[in-house]
Ligand code: ATP
């Protein structure tokens, strides 16, 4: 699995999708740049979401609010007081850990130990091996499970209760049963706020402390009444937005999965109090459908319903995706009650109520939100699409089977040879197609190698111009996934591509 993940990261770099930020200065941890192909893929995911949420729903509108917001916003939202990660330092290694992530690491470590026992036994018993029975009866496996699961359970509940002294003791205990860092010397657990601070204004006394927004949602809440009134929106209605968010993540790893600067696609749906259960279920279902529409495989998604709820929620679920490092949160669907609007009313002193003409009464609406990380979606799509395929002739190819609607370039135009007027004709085709799609031109190397290059780039179609094209104005169109080639008239090419790539 680690191997696959490493391949994903290196492919993203080699084919111009994602680069480490400031690479010539050895990079900046957990910050990434999207390269020529990555920027296009990201833009297409953005559009795919916007279209489904805003264009296709006549009761959802989109906004684009500022990253900087009045500092009191973050007091009202709870981020100043409650947006914390529990941190613990190892005194010997001088390494810093997030206590909740450390729990995941111990869990993974113990799972690996058990897997090792299983592999050993499998080798020993061969065909007679029964994994289920082995797991249920092997004393060593049972020992691991008993020790670790009880501690991990206690640790989970201490984290939930923010009982930090207890968290430290339990981590020390874990370190004895399942050494991870090789050291027992830990500091106390501290809470660390994830918001980035900055200042606005030039002079020292007139400057004001600000935060970079850690989520886009608050820009929607503070604009709720403006949008409702100017758009004459009637409840239920939604406001959507895509934009950057910033979090000073402590455990920065897993490539673009967890970054310090990332992009969110959020939608807050304003509803009558009391109708939240129904809307929460509706949005869970709608969002899952959106994911499945991309065809990345139903088995790669699952819901995770939260038992532990954030301070603002009365129900919450994640849509988890099978990333190369396991199932992890890709999107959150939260029933936020009237927490945010009521809190902004309190802090701002302004009424944020909606007059419901049908009920003939005013109320603070409830909110169901859907919140997905664009970068995580990018990683989901990209890692799921990267494949190593064995071909019939015994060779293999690397192919990036991106959904055609999302692919950065829709077609590559390839003159078979660099002479006889084929490049000119290829350019003529390109000039026509580029009004509709991103297309690239490639004349270097043998055509087989160019096909491979486009496969690895994720381009769904290759259009080859050869000598026959000069005679009858037909080309071959090669499909990336099946590698099938068809001979078609130049004038039909556009329609063939449109059919596959239109959103
Ligand atoms: P996690 O538990 O993984 O830190 P979260 O529960 O804090 O995520 P939310 O606050 O619900 O995440 O944010 C909504 C979405 O934003 C997440 O589902 C995820 O896709 C994305 N997201 C959150 N933090 C990051 C990050 N540091 N880098 C990239 N995407 C992120």
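Numbering (the UniProt record's numbering), first residue to last: 4 to 506.
Virtual Cβ for every residue (Gly too), placed ideally from N, Cα, C.
As the structure is a computational prediction, the values presented were derived from the model and not from experiment.
Each residue's CA atom was taken as its position, placing residue 410 and residue 506 some 11 Å apart. Non-local beta-carbon contacts of residue 318 in its own chain, meaning distances under 6 Å to residues more than five positions away in sequence, involve 283, 338 in chain order. Around residue 12, the same chain offers 258 as residues with beta carbons nearer than 6 Å, after the five sequence neighbours per side are excluded.
Residue 201 is bridged by DSSP to 213. Contact annotation: residue 324 and residue 383 have beta-carbon atoms nearer than 7 Å. With contacts defined as CB atoms closer than 7 Å, residue 446 and residue 463 fail to qualify as a contacting pair. Relative to the ligand ATP, the beta carbon of residue 143 is positioned no closer than 6 Å to any heavy atom. The nearest non-hydrogen atom of the ligand ATP is less than 6 Å from the C-beta of residue 378. Short of 6 Å from the beta carbon of residue 321, and not among the five residues preceding or following it, lie these beta carbons of its own chain, in chain order: 307, 332, 335. Counting of Cβ neighbours within 10 angstroms places residue 461 among the buried residues, the total reaching 16 or more.
Taking residue 100 as reference, the option from 45, 465, 192, 15 with the minimal CA-CA separation is 192. Using a Cβ distance threshold of 7 Å, residue 404 and residue 388 count as a contacting pair.
Closer than 6 Å to some heavy atom of the ligand ATP: that does not describe the Cβ of residue 5. Around the C-beta of residue 280, fewer than 16 other C-beta atoms lie within 10 Å, and the residue is accordingly described as exposed.
In the displayed model, residue 246 falls within a strand according to three-state DSSP.
By the Cβ neighbour-count rule, residue 52 is buried, with 16 or more other Cβ atoms within 10 Å of its own. Distances from the alpha-carbon of residue 75 to those of 212, 399, 395 put 212 closest. For the pair residue 107 and residue 329, the Cα-to-Cα distance works out to about 12 Å. If you look at residue 415, you'll find it in the beta strand (DSSP E) that goes 414-418. Residue 495 is bridged by DSSP to nothing; it lacks a bridge partner.
Bridge partners of residue 100 according to DSSP: 91.
Inter-residue distance for residue 492 and residue 477 is about 4 Å (C-alpha atoms, whole angstroms). Shown here, residue 381 sits in a helix according to DSSP, grouped into three states.
DSSP, read as helix, strand or coil, puts residue 460 in helix. Within the same chain, and ignoring the five residues on either side of residue 499 in sequence, the residues whose Cβ sits closer than 7 Å to its Cβ are 480, 491. Straight-line measurement puts the Cα of residue 209 at about 45 Å from the Cα of residue 160.
Not one heavy atom of the ligand ATP falls within 6 Å of the beta-carbon of residue 101. Check the Cα spacing between residue 371 and each of 399, 393, 377, 342: the tightest is with 342. Residue 304 holds the alpha-carbon nearest to the alpha-carbon of residue 288 among 304, 147, 273.
Separation of residue 162 and residue 91 (C-alpha to C-alpha, rounded to the nearest whole angstrom) is 12 Å.
At a threshold of 6 Å, residue 65 does not count as near the ligand ATP, since its beta carbon sits no closer than that to any of the ligand's heavy atoms.
In this structure, residue 70 lies away from residue 250, with their beta-carbon atoms at least 7 Å apart. With respect to residue 450, residue 417 sits close: the two C-beta atoms are nearer than 7 Å. Here residue 294 is buried, its C-beta having at least 16 other C-beta atoms within 10 Å. Remark: the shortest separation between the CB of residue 235 and any heavy atom of the ligand ATP does not fall under 6 Å. Within the stretch 420-489, the alpha helix (DSSP H) runs of at least 4 residues that lie entirely inside it are, in chain order, 425-436, 450-460, 470-475.
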